[in-house]
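Peer 1: Numbering (my numbering), first residue to last: 94 to 268. Here a beta-carbon is modelled for each residue, glycine too, at the ideal position from N, C-alpha and C. From a predicted model like this one, the values you see are computed outputs, not experimental measurements. Below is a structure I'd like to ask you about.
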């Protein structure tokens, strides 16, 4: 079953279009956007990721929706849900995540889109729990998680298993 389109006052969360892929590569190559990831992505890496995202969104009732500003038809990134099964005390889980172009920050889009995704998650999909996690250094994402009324118990924080121990971004907070 394909994930539906979600709409908010200012945004459309939708299936991806071919033209989004180039804009996504630009987002993934921006050091400001990728500050709390191990590295920026090359165009080839970004295209590979986009292909996986598009496939998941078409095959499931959820995924990482392409975000478009209403009346502008401009792709600004993604907001949505992703299944994780890496080794951690809280997995398997479904995480809410977001990655928006830098020039779309501080406008409330991540909050607005995330509220729509959480509403869909709990009221349509009837999911029991959604998590979110990020590097403990990522104050902007942590502030958004708090704004979404997600809760953190410090005993649940973890070292991300896909990063080497001692990596500057390995310590993560779980909400």
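Counting only the same chain and skipping the five closest in sequence on each side, list residues whose C-beta sits under 7 Å from that of residue 227.
Peer 2: For the purposes of this step, residue 227 is taken as residue 134 along the chain shown, with counting starting at 1. So the list reads 129, 234, 235, 265 and 266, once near-sequence residues are dropped.
Peer 1: To the nearest angstrom, report how far apart residue 153 and residue 101 are at their CA atoms.
Peer 2: In the chain shown, the residue the question calls residue 153 occupies position 60. In the chain shown, the residue the question calls residue 101 occupies position 8. One C-alpha to the other measures close to 21 Å.
Peer 1: Determine the closest residue to residue 95 out of 205, 224, 148 and 112, with distance taken between C-alpha atoms.
Peer 2: Residue 95 sits at position 2 when you count from the first residue of the chain shown. Cα-wise, what sits closest to residue 95 is 148.
Peer 1: Taking the beta carbon of residue 161 as the centre, do at least 16 other beta carbons fall within 10 Å, making it buried, or is it exposed?
Peer 2: Here residue 161 is taken as the residue at index 68 of the chain shown, counted from 1. Buried.
Peer 1: Is the CB-CB distance between residue 190 and residue 173 below 8 Å?
Peer 2: Residue mapping note: residue 190 aligns to position 97 of the chain shown, counting from 1. Residue mapping note: residue 173 aligns to position 80 of the chain shown, counting from 1. Contact flag set, yes.
Peer 1: Find out if the Cβ-Cβ distance for the pair residue 193, residue 156 is shorter than 8 Å.
Peer 2: Start at 1 with the first residue of the chain shown, and residue 193 comes out as number 100. Start at 1 with the first residue of the chain shown, and residue 156 comes out as number 63. The answer is no: Cβ separation not under 8 Å.
Peer 1: What beta strand (DSSP E) runs, 3 residues minimum, are completely inside the region 165-201?
Peer 2: The DSSP assignment places 167-177 and 186-193 as complete runs of the beta strand (DSSP E) inside the region 165-201, in order along the chain (cut-off: 3 residues).
Peer 1: Taking all protein chains shown into account, decide if residue 113 is buried (16 or more other Cβ within 10 angstroms of its Cβ) or exposed.
Peer 2: Taking the chain shown and counting its residues from 1, one reaches residue 113 at position 20. By the 10 Å Cβ count, residue 113 comes out buried.
Peer 1: Taking the C-alpha atoms as reference points, what is the distance between residue 252 and residue 183?
Peer 2: As a first step, residue 252 is located in the chain shown; it is residue number 159 there, counting from the start. As a first step, residue 183 is located in the chain shown; it is residue number 90 there, counting from the start. The alpha-carbon atoms of residue 252 and residue 183 are separated by roughly 12 Å.
Peer 1: To the nearest angstrom, how far is the alpha carbon of residue 241 from that of residue 175?
Peer 2: Counted from its first residue, the chain shown places residue 241 at position 148. Counted from its first residue, the chain shown places residue 175 at position 82. Distance between the alpha carbons of residue 241 and residue 175 is about 17 Å.
Peer 1: On the DSSP letters alone, give me the boundaries of the alpha helix (DSSP H) that residue 232 sits inside.
Peer 2: The residue labelled residue 232 in the question sits at position 139 within the chain shown. First-last of the alpha helix (DSSP H) with residue 232: 232-240.
Peer 1: Thinking residue 103 and residue 163 are a contact (beta carbons under 8 Å), I'd like their distance in whole angstroms, please.
Peer 2: Looking up residue 103 in the chain shown gives position 10. Looking up residue 163 in the chain shown gives position 70. Residue 103 to residue 163, Cβ: 6 Å. Contact.
Peer 1: Three-state secondary structure (DSSP) at residue 252?
Peer 2: Mapped onto the chain shown, residue 252 falls at position 159. In the structure shown, residue 252 sits in a strand (DSSP, three-state: E or B).
Peer 1: Given a threshold of 16 other Cβ atoms within 10 Å of its Cβ, counted over all protein chains shown, does residue 139 qualify as buried or as exposed?
Peer 2: What you label residue 139 is simply residue 46 of the chain shown in a count that begins at 1. So residue 139 ends up on the buried side.
Peer 1: What does the Cβ neighbour count give for residue 200, buried or exposed, with the cut at 16 atoms within 10 Å?
Peer 2: Here residue 200 refers to the residue found at position 107 when the chain shown is read from its first residue. Its Cβ having fewer than 16 others within 10 Å, residue 200 is exposed.
Peer 1: What do you reckon, are the CB atoms on residue 243 and residue 213 nearer than 8 Å?
Peer 2: In the chain shown, residue 243 corresponds to position 150, counting from 1. In the chain shown, residue 213 corresponds to position 120, counting from 1. No, the Cβ-Cβ distance between residue 243 and residue 213 is not below 8 Å.
Peer 1: Measure the alpha-carbon distance for residue 179 versus residue 185 and round it to whole angstroms.
Peer 2: For the purposes of this step, residue 179 is identified with residue 86 of the chain shown, where counting begins at 1. For the purposes of this step, residue 185 is identified with residue 92 of the chain shown, where counting begins at 1. Using only the alpha carbons, I get a separation of about 7 Å.
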